[in-house]
Amino acid sequence: MILSTETIPERRLFLNRKKIFTIPNFISFFRLLLLVPVGIFMWNENYLAMGIVILIGVGSDFLDGILARRLHQVSEVGKMLDPLADKLLIGLTTIILYLKQQMPLWLVVLIIGRDVAILISGFFYARKFKFIMPSNLIGKITANVLAITLICYIFQIKVFKEIFSGFAVLFVFLSSVSYLIRLIYHLQGKKEITH
Numbered sequence: 448m449i450l451s452t453e454t455i456p457e458r459r460l461f462l463n464r465k466k467i468f469t470i471p472n473f474i475s476f477f478r479l480l481l482l483v484p485v486g487i488f489m490w491n492e493n494y495l496a497m498g499i500v501i502l503i504g505v506g507s508d509f510l511d512g513i514l515a516r517r518l519h520q521v522s523e524v525g526k527m528l529d530p531l532a533d534k535l536l537i538g539l540t541t542i543i544l545y546l547k548q549q550m551p552l553w554l555v556v557l558i559i560g561r562d563v564a565i566l567i568s569g570f571f572y573a574r575k576f577k578f579i580m581p582s583n584l585i586g587k588i589t590a591n592v593l594a595i596t597l598i599c600y601i602f603q604i605k606v607f608k609e610i611f612s613g614f615a616v617l618f619v620f621l622s623s624v625s626y627l628i629r630l631i632y633h634l635q636g637k638k639e640i641t642h
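Each residue of the sequence shown is one higher than the one before, starting from 448 at the first, in my numbering.
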């Protein structure tokens, strides 16, 4: 879900119905459904069960990628579902931590605001220009940093909370600037910047 740092090459947005209802995509939809038990277990502080479900999600993430390549069922839908699952998991965890008064509001706004802005701009960009603005390396690193930050808040590790909150601010800023620059270059018809 969040562990990969592989960059995703940009592809024209072409949704073939035959490539929507595939085994890898069904596995991806299953991973989205896992958000429900993750949220329930986290709210009830059943971290062992939550960890098991997350591990199942991570395993299914690797499995659908392998099947998509071996069965030649790589699709644009699948490429959209993976980052969507990451953002929903991070968003859900962030909101629960805030409701349980375990995370400051400013960090919640920073994390949720970034993902909402990317999702909205990516949606309209895909509709207008018919291709997907993919995640790049710094975006994947940011997702990993945010995941580690959330783990520190879940287990209330004070020293690491402060350290990774700082890293979260830094990488959210860097990834947002990177996304904005790439968006501008695409709008101008220039070659994508991948670094």
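Virtual Cβ for every residue (Gly too), placed ideally from N, Cα, C.
Cα-Cα separation between residue i and residue j, rounded to whole angstroms
i, j, result
"I503", "L536", "14 Å"
"L539", "D511", "23 Å"
"P471", "L627", "31 Å"
"A573", "L528", "14 Å"
"Y600", "R516", "36 Å"
"I631", "S625", "10 Å"
"F477", "L566", "21 Å"
"F570", "W553", "26 Å"
"N493", "K608", "21 Å"
"V606", "L584", "27 Å"
"F509", "A532", "13 Å"
"Q603", "Q548", "11 Å"
"F618", "S582", "14 Å"
"L546", "I513", "37 Å"
"L482", "L495", "15 Å"
Residue i, buried or exposed, once every other Cβ within 10 Å from all chains shown has been counted against 16
i, result
"G613", "exposed"
"N491", "exposed"
"A564", "exposed"
"I474", "buried"
"G636", "exposed"
"G560", "exposed"
"V592", "buried"
"K425", "Examination of residue 425 is not possible in this model, given that the chain is present from 448 through 642 alone."
"L544", "buried"
Proximity winner among the options, relative to residue i (alpha-carbon distances)
i, options, result
"I598", "G498, R478, S622, L621", "G498"
"S623", "A573, S568, T541", "S568"
"P530", "V616, L479, F618", "L479"
"L518", "A590, S625, T469, K575", "T469"
"I558", "K547, V485, F571, K534", "K534"
"D562", "G586, L546, K526", "G586"
"F576", "H633, V500, V606, A594", "H633"
"T594", "T541, Y545, D508", "Thr is not the amino acid found at residue 594; the sequence shown has Ala there. It is T541 whose Cα lies nearest to the Cα of A594."
"V555", "S582, L514, A615", "A615"
Residue span of the alpha helix (DSSP H) that contains residue i, given as start and end
i, result
"V505", "494-517"
"V592", "584-601"
"L479", "470-480"
"N625", "The sequence given here has Ser at residue 625, not Asn. Per DSSP, S625 belongs to the alpha helix (DSSP H) from 605-634."
"K575", "552-576"
Whole-Å CB distance - residue i paired with residue j, under 8 Å assumed
i, j, result
"R629", "M580", "7 Å"
"F620", "T596", "The Cβ separation is near 14 Å, so there is no contact."
"I467", "V524", "5 Å"
"V485", "V500", "5 Å"
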